[in-house]
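Engineer: In the numbering used here, the protein residues as written are 68 to 222. Idealized CB from N, CA, C, for every residue including glycine. All figures in this text were calculated on a predicted structure; none of them were measured in a lab. This is the structure I have questions about; it appears just below.
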């Protein structure tokens, strides 16, 4: 996959019903594991990019491999409503790939997975972005993306 030639969607632009979404995000939180009637494990993960945050539903083994701080590239994902909340899924043809760790500019607000039917009609709020830098030894200026860790590591 050539990162430069693929188009990536910002979290703020994700709408229910969209398919074949390519998104890059940082994992903020991993939810508790729930089991389906069929024995599958499902985790809801809070993820973010610089435009906001959203919930990603991750199934089975892939979910056990994802950790907070992972930077993930989702390809061929789709968006749907789950219990009134916008949720992102990898789907059958989708792929989640770890491309980095810890350092990515992101904003937790607005949270596009909060149940709010009027949210889509509101203009985006001007909120400062948060920058996560686990290694502060490099004197990088604020709001600088610093990639740390191994790249293109499959989950």
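Just reading off the beta strand (DSSP E) that residue 139 is part of, what are its end residues?
Structural biologist: On the chain shown, position 72 is the one that residue 139 refers to. Here the beta strand (DSSP E) through residue 139 covers 137-149.
Engineer: Which class does residue 162 belong to by DSSP, given the choice of helix, strand or coil?
Structural biologist: Looking up residue 162 in the chain shown gives position 95. The answer is strand: DSSP assigns residue 162 an E or B state.
Engineer: Assuming residue 78 contacts residue 116 under a Cβ cut-off of 8 Å, what Cβ separation, rounded to an integer in Å, is found between them?
Structural biologist: Indexing the chain shown from 1 puts residue 78 at position 11. Indexing the chain shown from 1 puts residue 116 at position 49. Sure, about 5 Å apart at Cβ, within 8 Å.
Engineer: Apart from the five residues just before and just after residue 182, which ones in its own chain have a Cβ nearer than 6 Å to its Cβ?
Structural biologist: Numbered from 1 along the chain shown, position 115 holds the residue referred to as residue 182. Within the same chain, residue 182 has close Cβ partners 151, 152.
Engineer: Can residue 122 be considered in contact with the ligand ZN, in the sense that its beta carbon sits closer than 7 Å to one or more heavy atoms?
Structural biologist: In terms of ligand content, the structure shown is empty, and the ligand ZN therefore cannot be addressed.
Engineer: Is DSSP giving residue 96 helix, strand or coil here?
Structural biologist: Looking up residue 96 in the chain shown gives position 29. Residue state, collapsed to three classes: strand.
Engineer: For residue 144, which residues in the same chain have their Cβ closer than 7 Å to its Cβ, ignoring the five residues on either side in sequence?
Structural biologist: Residue mapping note: residue 144 aligns to position 77 of the chain shown, counting from 1. Correct list, in chain order: 88, 90, 155, 156, 157, 158, 161.
Engineer: Is it buried or exposed, residue 128, if we count other Cβ atoms within 10 angstroms and call 16 or more buried?
Structural biologist: The residue labelled residue 128 in the question sits at position 61 within the chain shown. Flag for residue 128 reads exposed.
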